[in-house]
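Residue 38 is where the sequence shown starts when you use my numbering, and the numbers rise one by one after that. Think of the CB as a built atom: it goes at the ideal place given N, C-alpha and C, for glycine as much as any other residue. Quantities reported herein were computed from a predicted structural model and do not represent experimental measurements. Read through the structure below, which is laid out as structure tokens, and then see the notes.
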Amino acid sequence: MKKILFLIIISLSGCVYYDGCISPLISVVSNNCEKNKKGTLFPSIAHYQKINSIGKTNSKKRWEDAISCGAKYGDEQLQELPNSDYDSFIKCMESKGYKRFWPAECGYQEPKYNKGKCNL
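Next up, the structure:
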């Protein structure tokens with residue numbers, strides 16, 4: 038009976054229950070229910086994978102190659118690269134045998150949502 042009453046109140050108020058959150062039908066501002074429940078995205082450096090070892094690329098070698106292409110060690114998001122140098126960085130990494138994946142192709146670090154193409 039309590040569940041039915043709860044559903045009636047929710048439906049009369051114009052709210053929807055979805056994915057563990059109660060939110061209004063028309064959202065004007067964020068209701069903090071849209072937090073990422075799938076985990077953490079892979080950092081930008083992990084999007085570069087050797088073609089012959091996709092998902093299992095040696096991270097030490099990748100860092101060595103990234104540094105030789107202009108990245109700074111430890112800058113996993115590659116934010117230290119100026120925008121003008123980013124295209125040359127991509128070309129340099131591709132010349133060393135890396136393929137660049139988009140974040141959607143990598144998935145999340147959480148094993149359940151990891152697509153197996155990227156690694157740290």
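Helix, strand or coil at residue i [DSSP, three-state]
i	result
Asn151	strand
Tyr123	helix
Pro140	helix
Leu157	coil
Lys93	coil
Leu78	strand
Lys133	coil
Lys39	helix
Lys87	strand
CB-CB length for residue i against residue j, believed under 8 Å
i	j	result
Ala83	Cys129	Not quite, the Cβ-Cβ distance comes to about 17 Å (not below 8 Å), so this is no contact.
Lys154	Gly92	5 Å
Lys133	Gln86	12 Å between Cβ atoms; not a contact.
Tyr145	Leu78	6 Å
Leu157	Ser90	Not confirmed; about 14 Å, so no contact.
Sequence-distant residues of its chain with Cβ nearer than 8 Å to residue i (five each side left out)
i	result
Trp139	His84
Beta-carbon contacts of residue i that lie in its chain and below 7 Å, excluding the five residues immediately before and after
i	result
Tyr110	Trp100 and Ile104
Leu118	Gly107, Ala108 and Phe126
Contact test: residue i Cβ vs the ligand SAH heavy atom, cutoff 7 Å
i	result
Tyr145	The ligand SAH is not among the ligands present in this structure, which contains no ligands whatsoever.
Minimum Cβ-Cβ distance from residue i to chain B less than 8 Å
i	result
Lys97	Judged by its chain identifiers, the structure shown contains no chain B, having just a single protein chain.
Residues near residue i in its chain [Cβ-Cβ closer than 6 Å; skip 5 each side]
i	result
Ser81	Gln114 and Leu115
Asp102	Lys133
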